[in-house]
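In what follows, a single structure is set out as structure tokens and then discussed.
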Amino acid sequence: MLKIDHISKVFNKGTVNEKQALYDISLNVAKGDFISIIGSNGAGKSTLLNAISGVFPVDEGSIVLDGIDITDMAEHKRSTMIGRLFQDPMKGSAPSMSIEDNLYLASGNNGWFAKITAKDKKEFRERLSLLNMGLEDRMKNPVGLLSGGQRQALTLLMATYHIPKLLLLDEHTAALDPATAEKVLDITKKVVSENNITCLMITHNMQSALELGNRTIMMNDGRIIYDVSGEERTHTTVADLLNLFKEKAGENLTNDRMLLS
Ligand SMILES: Nc1ncnc2c1ncn2[C@@H]1O[C@H](COP(=O)(O)OP(=O)(O)O)[C@@H](O)[C@H]1O
Ligand SMILES: [Mg+2]
12 MLKIDHISKV FNKGTVNEKQ ALYDISLNVA KGDFISIIGS NGAGKSTLLN AISGVFPVDE
72 GSIVLDGIDI TDMAEHKRST MIGRLFQDPM KGSAPSMSIE DNLYLASGNN GWFAKITAKD
132 KKEFRERLSL LNMGLEDRMK NPVGLLSGGQ RQALTLLMAT YHIPKLLLLD EHTAALDPAT
192 AEKVLDITKK VVSENNITCL MITHNMQSAL ELGNRTIMMN DGRIIYDVSG EERTHTTVAD
252 LLNLFKEKAG ENLTNDRMLL S
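Counting along the sequence shown from 1, when you hit position 76 you're at 87 in my numbering, and nothing is skipped either side.
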């Protein structure tokens, strides 16, 4: 489904700030795979997802999504196939617009003369009620009034309104309090599994990295240093992950978000 072949990325090439963020990364993702990605600060996790979504071109290598070579495709074009969520709940929805207007945009009905119909509203209401957050009764409220957790849940709904070929989650629960983070994670699990979405999720939470999905990848210094799935993964513990990181990276796994949670 997603085939990443030998991609590399250097930022600020030829300057004192030159930084190689990805070293010759190859990754094969099967359809329906739900992969969690862990690693220390600056490991290149976000850079990997940004490379896939086309925030910047890669220096070397290729990225093929569902048989389409997207290596040189513009970000906005890739966005029709790739859904994304970020850590910041403020990203991904328009604060001054109502919940229903945001969903209307996500549904793709945003032409000049388009108008929300009763049928659209019924559809939005049904989808919102799946979140179990009471948002179906607040469809006229501006999104800016929602809590961080409600907003992330809405953004998830928008990003998956039309099932994307790929869903990229970059620490999308890291800015939420633990209880809300768990709720948003539960919704994520539900939406991803019910729709069989292929998903890459960066997380600082080692436990959810092992519990969610079917494969876990560990990154350090621009490289994938561990990749576990199947039987081996079911026996892997958080302590194992931490030990493995120390063994392979030569230092303890530290991530300021881990320390905050
Ligand atoms: N747009 C950018 N310009 C310059 N350097 C960047 C940029 N994005 C990331 N980097 C650098 O690349 C490295 C990897 O960053 P990132 O992928 O954000 O790490 P992670 O998400 O694993 O914490 C870091 O050293 C970071 O400072
Ligand atoms: Mg990051």
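Note that beta-carbon positions come from the ideal geometry of N, C-alpha and C, so glycine has one too.
Short Cβ contact (9 Å threshold) for L33 with S47: no
Proximity of A54 and N231 at Cβ, strictly below 9 Å: yes
Beta-ladder partner(s) of V249, from DSSP: Its beta-bridge partners do not exist; DSSP assigns none.
A117, DSSP secondary structure in three states: helix
Coarse secondary structure for D80, derived from DSSP in three states: strand
The alpha helix (DSSP H) enclosing G159, as first and last residue numbers: 159 to 170
Cβ distance (whole Å) where M212 is taken to contact L252 below 8 Å: Between L252 and M212 the Cβ distance is about 15 Å, and since that is not below 8 Å, they are no contact.
Where the beta strand (DSSP E) containing Q31 begins and where it ends: 30 to 40
Option in E243, K200, V239 with minimal Cα separation from L223: K200
Any non-hydrogen atom of ligand 1 within 8 Å of G140 CB: In the sequence on display, residue 140 carries Ser and not Gly. No, the Cβ of S140 stays beyond 8 Å of every heavy atom of ligand 1.
Exposure of T265, with buried meaning 16 or more beta-carbon neighbours within 10 Å: exposed
First and last residue of the uninterrupted beta strand (DSSP E) at T128: That residue, T128, is in no beta strand (DSSP E); it is neither H nor E in DSSP.
Three CB pairs or more closer than 8 Å across the stretch 166 to 176 and the stretch 90 to 105: yes
Close-in-space but distant-in-sequence residues of the same chain around I81 (CB under 6 Å, 5 per side omitted): I74, R89
Buried versus exposed call for I79 [16 or more other C-beta atoms within 10 Å across all chains shown]: exposed
Near ligand 2: I213 beta-carbon under 8 Å from a heavy atom: yes
For M150 and S109, believed in contact at Cβ under 8 Å, the rounded distance: 7 Å
Between the CA atoms of S51 and P68 - distance to the nearest angstrom: 24 Å
Per DSSP, cross-strand counterpart(s) of F22: K30
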